[in-house]
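**Student:** I am attaching a structure below and will ask some questions about it afterwards.
2 protein chains.
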Amino acid sequence: MAKDKTTIYDIAKTLQVTPSTVSRALKDHPRISAKTKKAVKEMASQLNYQHNNVAAALRSGNTFILGIVLPKVNRTFFSSVIKGVEQLVSQANYRVMITQSHDNFKTEQANIQALINAQVDGIIASIAKETTRYEHYQRVIDQQIPLILFDRVMEISNASTVVIDDFLGAYEAVSHLIEQGCRRIVHFTGVQSLNIYKYRLRGYREALEDHGIAFDPALVIESDMQLEDGKQVMQQLLDDGVDLDAIFASSDHSAMGAMQVLKAQKIRIPEEIAIVGFADEPFTAFVEPGLSSVNQKSEMMGQIAAKIFLEQVQFSGGEYTPTKTVLKPELIIRASSLKRQ
Amino acid sequence: MAKDKTTIYDIAKTLQVTPSTVSRALKDHPRISAKTKKAVKEMASQLNYQHNNVAAALRSGNTFILGIVLPKVNRTFFSSVIKGVEQLVSQANYRVMITQSHDNFKTEQANIQALINAQVDGIIASIAKETTRYEHYQRVIDQQIPLILFDRVMEISNASTVVIDDFLGAYEAVSHLIEQGCRRIVHFTGVQSLNIYKYRLRGYREALEDHGIAFDPALVIESDMQLEDGKQVMQQLLDDGVDLDAIFASSDHSAMGAMQVLKAQKIRIPEEIAIVGFADEPFTAFVEPGLSSVNQKSEMMGQIAAKIFLEQVQFSGGEYTPTKTVLKPELIIRASSLKRQ
DNA sequence: ATATATTGTGCAACCGATTGCACTACGATT
DNA sequence: AATCGTAGTGCAATCGGTTGCACAATATAT
Numbered sequence: 051m052a053k054d055k056t057t058i059y060d061i062a063k064t065l066q067v068t069p070s071t072v073s074r075a076l077k078d079h080p081r082i083s084a085k086t087k088k089a090v091k092e093m094a095s096q097l098n099y100q101h102n103n104v105a106a107a108l109r110s111g112n113t114f115i116l117g118i119v120l121p122k123v124n125r126t127f128f129s130s131v132i133k134g135v136e137q138l139v140s141q142a143n144y145r146v147m148i149t150q151s152h153d154n155f156k157t158e159q160a161n162i163q164a165l166i167n168a169q170v171d172g173i174i175a176s177i178a179k180e181t182t183r184y185e186h187y188q189r190v191i192d193q194q195i196p197l198i199l200f201d202r203v204m205e206i207s208n209a210s211t212v213v214i215d216d217f218l219g220a221y222e223a224v225s226h227l228i229e230q231g232c233r234r235i236v237h238f239t240g241v242q243s244l245n246i247y248k249y250r251l252r253g254y255r256e257a258l259e260d261h262g263i264a265f266d267p268a269l270v271i272e273s274d275m276q277l278e279d280g281k282q283v284m285q286q287l288l289d290d291g292v293d294l295d296a297i298f299a300s301s302d303h304s305a306m307g308a309m310q311v312l313k314a315q316k317i318r319i320p321e322e323i324a325i326v327g328f329a330d331e332p333f334t335a336f337v338e339p340g341l342s343s344v345n346q347k348s349e350m351m352g353q354i355a356a357k358i359f360l361e362q363v364q365f366s367g368g369e370y371t372p373t374k375t376v377l378k379p380e381l382i383i384r385a386s387s388l389k390r391q
Numbered sequence: 051m052a053k054d055k056t057t058i059y060d061i062a063k064t065l066q067v068t069p070s071t072v073s074r075a076l077k078d079h080p081r082i083s084a085k086t087k088k089a090v091k092e093m094a095s096q097l098n099y100q101h102n103n104v105a106a107a108l109r110s111g112n113t114f115i116l117g118i119v120l121p122k123v124n125r126t127f128f129s130s131v132i133k134g135v136e137q138l139v140s141q142a143n144y145r146v147m148i149t150q151s152h153d154n155f156k157t158e159q160a161n162i163q164a165l166i167n168a169q170v171d172g173i174i175a176s177i178a179k180e181t182t183r184y185e186h187y188q189r190v191i192d193q194q195i196p197l198i199l200f201d202r203v204m205e206i207s208n209a210s211t212v213v214i215d216d217f218l219g220a221y222e223a224v225s226h227l228i229e230q231g232c233r234r235i236v237h238f239t240g241v242q243s244l245n246i247y248k249y250r251l252r253g254y255r256e257a258l259e260d261h262g263i264a265f266d267p268a269l270v271i272e273s274d275m276q277l278e279d280g281k282q283v284m285q286q287l288l289d290d291g292v293d294l295d296a297i298f299a300s301s302d303h304s305a306m307g308a309m310q311v312l313k314a315q316k317i318r319i320p321e322e323i324a325i326v327g328f329a330d331e332p333f334t335a336f337v338e339p340g341l342s343s344v345n346q347k348s349e350m351m352g353q354i355a356a357k358i359f360l361e362q363v364q365f366s367g368g369e370y371t372p373t374k375t376v377l378k379p380e381l382i383i384r385a386s387s388l389k390r391q
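The listed protein sequences correspond, in order, to chains A and B. FYI, in my numbering the residues of the first sequence are 51 to 391. FYI, in my numbering the residues of the second sequence are 51 to 391.
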């Protein structure tokens, strides 16, 4: 029946001590006697006291909230990153505030601003597809808030980054296709303002050239990389009669779209056209044939981002030097690209 | 180069006015002259002023944060609900703080507690599988924080609820299977402490009986409803030589697991065994054959939950009467359950 | 027994915005 | 000319913990 919220003043009054003592007792301050602590804690639970983080944050300057900005939470990659982040920061009593940009620039800006206003102790972000400017991220830095970018990153001074080696992931995927005997490999790529798509394209190109296959710009198709885009692009390729024997898609969803079109046309996968996606979404294992893909070490990415945050926030002296981490991706080979056993 | 954060005091000082005026000017208080407002706003942006929500929240009592507690964000159902919630509350300037219980009771408790401590203005939650007690939710009510439960709900006085008619969803799914000629329909169900599984089981049973088919408890199998569980259960059914011609699974993942086992065994779907899942996850459309499923109106559920929250929070007078909303699910029929055209 | 640590608690300022109330000035009303 | 209304701003308390510093009491060292 706790109608009015109880404060440390209420506890202090009934116990005939000062609020400072109550505050310290609740936080297990070493200078408070065991007896007082016990009394305070008992009274606190008796009065149904709930610690007010807002008041504490105002005075202490720490909200113990870590802000996260990413395109969409329902993408397995991003939700795994969140999981990794949560695992680490929760041990340090931080809470996570997740926001989605839905790949929209304005929304991303608004989210960042909201997190700044909320006085979060740090921000971990992966930038939206539409984003090409970064004043909002600069503002984070200006406010001395630790900023860690992952996967989709930008060059922002004083921001740390965690990425996988997209070049390598693509290089290995394409090399694998070449080893399977493919020669006319189409590449589905995304908006080139994002580092990830740019580097994967480079990996694709270099793998081809290293294997003596000429790079053909006509085989590189840029789209929004969703399921529908994959379908459309694939249909267009077929309609145009483009000669191809494999697809390396920079997203599993677009690969899936292509796969659906091919299956509808009774074109055999991987015999006629082999496919490799990117992200290793769980559904890649469900579909028929299983979709080969590049695993991005999402959970580890989150853990590392979180670790950097914790280090930076616990780092008191002087200027913190941002770090750049590059993880090694892993090619997962499934039936969609396996021509021979 | 804004090293020290600027406050309304800084603005006040340079403009030779009081902080009260600055505060009002920034919020477009009607009593402040247009000239002053303009001057204040210009100075604010010049000094790179960032509104401190924490201070405002302490004084005003509103954090403008809505807490969300759900099992996992990477389930399409839940992320769609989030989307629905965000759409509505963002218009009212609320922000959302998402937490995941991972279906774990302790984590759920901790999350709720953290949200209470963060002084959120309301909580929207869907309970974890493990949860059977609800003191933590009671605490939310005790603190006068609006509480809205969705999908997986419990009877908590003064909490509003938003659910779909799980009974009906199951009833229609099973009726559909019966119409397709199925008679020995296995039901995959989950932990019975959750309303959703309980009601779906009832719908299953009633549909059978209404069509003159005896309910056979041996055909109802309880599991954790993940992909692996579906596989195991299916394998067990085959090993046991259970006679069945259809499966109605209370989750798409378990249905998918069963599907994988059946396909591996070259058992034809839907000819030999028809399947219907529940949740209408996107992958149900990807797989072969397409998995029939029951759509839960997730986005609408989120919107309604948000609407209730906003109404309750804007409701000033007296006691708020909690509402119970029941949405109508929609059976999506795909190839996995379609024996005849 | 005296000097020095150590323990346990209180005092009071503070974090930064909000807001009810008071007050001035000036135009409108009668 | 006196009264009233209203626009525009200031005053000061407040939200609820936190924390540096002070200080008394007790413990330890010399």
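C-beta: ideal position from N, C-alpha, C; glycine also.
Can you list, in chain order, the residues of its chain with a C-beta nearer than 6 Å to that of Thr57/B? Leave out the 5 residues immediately preceding and following it.
**Tutor:** Cβ within range, chain order: n/a, list empty.
**Student:** Check each candidate in Glu229/B, Glu278/B, Gln276/B and Thr239/B and name the one with the smallest Cα separation from Leu258/B.
**Tutor:** Comparing Cα-Cα distances from Leu258/B to each of Glu229/B, Glu278/B, Gln276/B and Thr239/B, the minimum goes to Glu229/B.
**Student:** Are any of the Cβ atoms in chain B nearer than 8 Å to that of Glu369/A?
**Tutor:** False, the Cβ-Cβ gap to chain B never drops below 8 Å.
**Student:** Taking the alpha-carbon positions, what's the Gly134/B to Val146/B distance?
**Tutor:** Using only the alpha carbons, I get a separation of about 11 Å.
**Student:** Check this for me: beta carbons of Phe238/A and Ser342/A, under 8 Å apart or not?
**Tutor:** Cβ atoms of Phe238/A and Ser342/A: not closer than 8 Å.
**Student:** Counting only C-beta atoms, is Ala142/B closer than 8 Å to chain A at any point?
**Tutor:** No, Ala142/B lies away from the interface with chain A (no Cβ there is under 8 Å from its Cβ).
**Student:** Cutting at 8 Å between CB atoms, please list the residues of its own chain near Leu97/B, excluding the five before and the five after it.
**Tutor:** Answer for Leu97/B: Ala52, Thr56, Asp60, Ile61 and Thr64, listed in chain order.
**Student:** Pull out every residue of the stretch 370 to 384 of chain A whose Cβ sits closer than 7 Å to any Cβ of chain B, in chain order.
**Tutor:** Listed in sequence order: no entries.
**Student:** According to a CB-to-CB cut-off of less than 7 Å, which residues of the stretch 329 to 346 of chain A neighbour chain B?
**Tutor:** Under the 7 Å Cβ criterion, the stretch 329 to 346 of chain A contributes Phe333, Phe336, Val337 and Glu338.
**Student:** Helix, strand or coil, according to DSSP, for Ala52/A in the structure here?
**Tutor:** With a pLDDT of 39 at Ala52/A, under the threshold of 50, the predicted position of this residue should be treated as unreliable, though the coordinate-derived value follows. Coil.
**Student:** Quick check on the DSSP output: the beta strand (DSSP E) that includes Ala175/A runs from which residue to which?
**Tutor:** Ala175/A -> beta strand (DSSP E) spans Gly172 to Ala175.
**Student:** With burial defined as no fewer than 16 other Cβ atoms inside 10 Å of the residue's Cβ, what is the status of Gly231/B: buried or exposed?
**Tutor:** Label assigned to Gly231/B: exposed.
**Student:** Since Met147/B meets chain A, which of its residues come closer than 7 Å, beta carbon to beta carbon?
**Tutor:** By Cβ distance, chain A contributes Met147.
**Student:** Check whether the Cβ atoms of Ile358/A and Ile198/A lie closer than 8 Å to each other.
**Tutor:** Yes, they are a contact pair.
**Student:** What runs of the beta strand (DSSP E), each 3 residues or longer, lie entirely inside the stretch 112 to 175 of chain A?
**Tutor:** Qualifying beta strand (DSSP E) stretches, in chain order: 115 to 120, 145 to 150 and 172 to 175.
**Student:** Determine whether the Cβ of Val101/B lies closer than 8 Å to any Cβ atom of chain A.
**Tutor:** It is worth fixing the name first, because residue 101/B is His in this sequence and not Val. Interface residue, yes.
**Student:** Starting from Ala164/A, find everything on chain B with Cβ-Cβ shorter than 8 Å and list it in chain order.
**Tutor:** In chain order: Arg145.
**Student:** What does DSSP give as the partner residue(s) for His237/B in the beta ladder?
**Tutor:** Bridge partners of His237/B: Val270/B and Phe298/B.
**Student:** Would DSSP call Leu97/B helix, strand or coil?
**Tutor:** Coil at Leu97/B, not helix or strand.
**Student:** Let me know if Pro80/B comes out buried or exposed under the rule of 16 or more other beta-carbons within 10 Å of its beta-carbon.
**Tutor:** Label assigned to Pro80/B: exposed.
**Student:** Roughly how many angstroms separate the alpha carbons of Pro121/B and Phe336/B, rounded to a whole number?
**Tutor:** One C-alpha to the other measures close to 24 Å.
**Student:** List, in order along the chain, the chain B residues whose C-beta lies closer than 7 Å to that of Gln276/A?
**Tutor:** Ordered by position in chain B, no residue passes the 7 Å Cβ test against Gln276/A, which lies about 11 Å from the chain.
**Student:** So for Asn245/B, helix, strand or coil by DSSP?
**Tutor:** DSSP places Asn245/B in helix when its eight states are reduced to three.
**Student:** Taking Met306/A as the query, report the chain B residues whose CB atoms sit under 8 Å from its CB, ordered along the chain.
**Tutor:** Those are Phe336, listed as they occur along chain B.
**Student:** If we cut at 8 Å on Cβ distances, does Asn112/B have a partner in chain A?
**Tutor:** So, not an interface residue.
**Student:** Kindly indicate which residue of Asn208/B, Lys87/B and Leu277/B has the alpha-carbon position closest to the one of Arg125/B.
**Tutor:** Among Asn208/B, Lys87/B and Leu277/B, the Cα nearest to that of Arg125/B is on Leu277/B.
**Student:** Using a Cβ-Cβ cutoff of less than 8 Å, which residues in the same chain neighbour Ile214/B once the five nearest sequence positions on both sides are dropped?
**Tutor:** Only Asp201, Gln346, Lys347, Met351, Val376, Leu377, Lys378 and Pro379 meet the Cβ criterion.
**Student:** Any idea what DSSP makes of Leu251/A, helix, strand or coil?
**Tutor:** The answer is helix: DSSP assigns Leu251/A an H, G or I state.
**Student:** Taking the beta carbon of Pro196/A as the centre, do at least 16 other beta carbons fall within 10 Å, making it buried, or is it exposed?
**Tutor:** The residue in question, Pro196/A, is buried, as its Cβ has 16 or more Cβ neighbours within 10 Å.
**Student:** By the DSSP assignment, the alpha helix (DSSP H) with Val224/A in it spans what residues?
**Tutor:** Per DSSP, Val224/A belongs to the alpha helix (DSSP H) from Asp216 to Glu229.
**Student:** Run the CB neighbour count on Gln242/A, radius 10 Å, all protein chains shown included, and call it buried at 16 or more, exposed below.
**Tutor:** Per the 10 Å Cβ criterion, exposed.
**Student:** For Arg318/A, is the classification buried or exposed, using 16 other Cβ atoms within 10 angstroms of its Cβ as the cut-off for buried?
**Tutor:** Exposed, by the Cβ-count rule.
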